[in-house]
Amino acid sequence: MEKTIVAKILSVMTVFFIGALLLPMTLSLIMEDIVGGAVFFLVFLIALIIAFELRNYSKKVVEDVNINIKDSIAVTVVGWFLLSVLGMLPYYLSGALSLIDSFVESVSGFASVGGSAAVSVDAFTPSMLLWRSLTNWMGGLGIVLLFMALIPQKGARFMIKAENAVNSERQLPRMRDNAKALLTIYFILTAVCAWVFIVLGADIFSGINHAMTTIATGGFSVFDDGLAHYKNPAIEFAAAIFMIIASVSFSVYLSAAKGNFSALFKSTEIRVFFSLIFIATMLITLDLFFNGDVNFLRSLHLAFFHVSSMISTTAFAVSDFDTWPPLSKGALLFLMFIGGSAGSTAGGLKIFRLVLLCKMAGVILRQRLHPYQIIDAKVNGKVVEDEIFFAAGRFFFATILIDATFAGFMILNGLDMDSAILVSISTMSSVGPGFGIEGAMSNYSLLPDFSKILAALVMILGRLEIFTVLVFFTRDFWKEKW
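FYI, this note's numbering numbers position 59 of the sequence shown as 59, with every residue one higher than the one before it.
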């Protein structure tokens, strides 16, 4: 691992972090929030010093130097921890949250989890609320692509893969140019979403904040009751549409922007994704209508919104789905675990892996019937290599293992078994609010401090898709030769 190369890229990340700080700092000055402005300025200076020292340490690195896989892993893991620590400072220095809660809030933002450690958003000034939304927005897609567009190309593919910004088919060979294109799409979607929210009745501040957290599938809100605060079905429906849009691979939008509209219809992953949305929406609609106390149209509206919210792992809620019938809750839990498409801002297992696991199960069953026959599985008309199957299986079982381990630690920390399991699944899937103690209308503030720290670590594991983080802490990673 070349420490100077890692330091150089981290300095670029820190510079973009500094740029993001200018927005809440400016808002503090406009609103004459002297304390908030001073806090953000202090964090600005701290980040500036870190960026300068990193840049100075790496000043001998040439512009077009190649980076290897170890450098990429180091940048990804260290970068996330660095941003999370810097991102917690505004909450802590302002006195809004404790040290542990500040760290959880920051990690939740950058990991696009959206589960808050604050009892109420009243603890935050408008500039702090804007900062929370920015961490969601940067964590969703922006931060990795912002510095990806400016770093050397070799090794960049692994870093974006670790961040889940492109799918496993390697459709984007010109990484830096495509990173800029994806950023443009991300900006446009955010701007359009904000405009729609404002036109439908949201005020400018909340509309912009909710647009950032919707496109990032993060779920932070400027209100304690989230989008339910508006009491506006049109805004809720629009949010559901944009959550779905953000859950589709951005590489598909890039292909469409280049004129390849067939990519929107040929992808097996997209067909499965929309099929799941339709089936789950109909199932929950009928369950709420026959077993709940709402009419059919309201049942359809609630079902569609929360299906979109859970499968996108945004976790916005306009109703306490923790009180819904068991069938509906089970469907939402399944969607929460699966998540959106690979290459989107959504978390979870990913639809692509679900497709691979189902294909693998089909191959195994057919081989039992025809043991001497060579059976290939195809996705999007292409034969899937065994290594891709194994990778999907490894990730699935690693997810189950980490969920179980995290739940076990929380049970030892005093949580009941149901709450521990549900919080574990929702945290690992980057969902945030789920069921039980950390339900649709609650957050991480009810967890014991030790469980909060564990939750923050699991958020990072889930966001970086497990193995990137685990490899970083192995003995082999730190050997001179790899």
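Even glycine gets a Cβ: it sits at the ideal position worked out from N, Cα and C.
Please read these numbers as outputs of a predicted model, since none were measured by experiment.
Would you kindly check if the distance between the Cβ of Leu-254 and the Cβ of Leu-141 is under 8 angstroms? Locating residue 141 in the sequence shown gives position 141, counting from the first residue. Locating residue 254 in the sequence shown gives position 254, counting from the first residue. Taking 8 angstroms as the Cβ cut-off, Leu-141 and Leu-254 do not qualify as a contacting pair.
For the candidate residues Ala-315, Met-282, Phe-278, whose alpha-carbon lies nearest to that of Thr-213? As a first step, residue 213 is located in the sequence shown; it is residue number 213 there, counting from the start. Ranking the options by Cα distance to Thr-213, first place goes to Ala-315.
Helix, strand or coil for Val-383? Go by DSSP, reduced to three states. Residue mapping note: residue 383 aligns to position 383 of the sequence shown, counting from 1. If DSSP states are grouped into helix, strand and coil, Val-383 belongs with the strands.
The alpha helix (DSSP H) with Gly-207 in it runs from where to where? Position 207 of the sequence shown, counting from 1, holds the residue named residue 207. Note, Gly-207: alpha helix (DSSP H), 204-215.
Per-residue burial, Ile-5 [other beta carbons within 10 Å of its own, 16 or more giving buried]: What you label residue 5 is simply residue 5 of the sequence shown in a count that begins at 1. Answer is buried; the Cβ neighbour count reaches 16.
Residues near Met-25 in its chain [Cβ-Cβ closer than 7 angstroms; skip 5 each side]: If you number the sequence shown from 1, residue 25 lands on position 25. Closer than 7 angstroms at Cβ, skipping near neighbours: Gly-37, Phe-40, Phe-41, Phe-44.
Using 8 angstroms as the cut-off, can you tell me whether the region 300-317 makes contact with the region 277-288, which would need three or more C-beta pairs spanning the two stretches below that distance? yes
Taking only three categories from DSSP, how would you classify Lys-378? For the purposes of this step, residue 378 is taken as the residue at position 378 of the sequence shown. Reduced to three states, the DSSP call for Lys-378 is strand.
Taking the CB atoms as reference points, tell me whether Val-252 and Leu-264 lie closer together than 8 angstroms. Translated into positions along the sequence shown, residue 252 becomes position 252. Translated into positions along the sequence shown, residue 264 becomes position 264. Yes, these two residues count as a Cβ contact at 8 angstroms.
With a floor of 4 residues, list each alpha helix (DSSP H) that falls wholly inside the region 281-317, ordered by position along the chain. 296-311
Which residues in the same chain as Leu-327 place their Cβ atom closer than 6 angstroms to its Cβ, once the five residues preceding and following it in sequence are excluded? The residue given as residue 327 occupies position 327 in the sequence shown. Answer for Leu-327: Asp-287, listed in chain order.
Since Asn-443 contacts Ala-117 with CB under 8 angstroms, what's their CB separation in whole angstroms? Within the sequence shown, numbered from 1, the residue matching residue 443 stands at position 443. Within the sequence shown, numbered from 1, the residue matching residue 117 stands at position 117. Yes, Asn-443 and Ala-117 are in contact; Cβ-Cβ is about 7 angstroms, under 8 angstroms.
Taking Leu-27 as the reference, which of Leu-134, Asp-101, Ser-84 has the closest Cα? If you number the sequence shown from 1, residue 27 lands on position 27. Comparing Cα positions, the closest option is Leu-134.
Where Gly-347 and Leu-189 are concerned, what is the direct C-alpha to C-alpha distance, given to the nearest angstrom? Sequence index remark: in the sequence shown, residue 347 carries index 347 (1-based). Sequence index remark: in the sequence shown, residue 189 carries index 189 (1-based). Distance between the alpha carbons of Gly-347 and Leu-189 is about 18 angstroms.
Can you tell me whether DSSP reads Ile-67 as helix, strand or coil? In the sequence shown, residue 67 corresponds to position 67, counting from 1. Three-state DSSP puts Ile-67 in coil, outside helix and strand.
In the structure shown, what three-state DSSP assignment does Arg-368 receive? Reading the sequence shown from its first residue, position 368 is the one you call residue 368. DSSP places Arg-368 in helix when its eight states are reduced to three.
Checking 8 angstroms against the spacing of the C-beta atoms, do Gly-219 and Gly-432 come in under that value? Here residue 219 refers to the residue found at position 219 of the sequence shown. Here residue 432 refers to the residue found at position 432 of the sequence shown. Their beta carbons are under 8 angstroms apart, which means Gly-219 touches Gly-432 by this criterion.
Asn-178 - DSSP class collapsed to helix/strand/coil: Within the sequence shown, numbered from 1, the residue matching residue 178 stands at position 178. Helix at Asn-178.
Go to Ala-331, then tell me how far its alpha helix (DSSP H) extends in each direction, as first and last residue. For the purposes of this step, residue 331 is identified with residue 331 of the sequence shown, where counting begins at 1. Ala-331 -> alpha helix (DSSP H) spans 326-338.
Can you have a look at Tyr-186 and say buried or exposed, based on whether 16 or more other CB atoms are within 10 angstroms of its CB? Reading the sequence shown from its first residue, position 186 is the one you call residue 186. Buried, since its Cβ has 16 or more Cβ neighbours within 10 Å.
Can at least three beta-carbon pairs, one atom from the region 199-208 and one from the region 96-106, be found at a separation below 8 angstroms? no
May I ask you to verify whether the region 8-16 touches the region 81-95, counting CB pairs closer than 8 angstroms and requiring at least 3? yes
Ignore the nearest five residues each way along the sequence and tell me which others in Met-310's own chain have a CB closer than 6 angstroms to its CB. Residue mapping note: residue 310 aligns to position 310 of the sequence shown, counting from 1. Once the five neighbours on either side are set aside, the close Cβ partners of Met-310 are Leu-332, Leu-335, Met-336.
Which of helix, strand or coil does DSSP assign to Asn-232? For the purposes of this step, residue 232 is taken as the residue at position 232 of the sequence shown. The answer is coil: DSSP assigns Asn-232 none of H, G, I, E or B.
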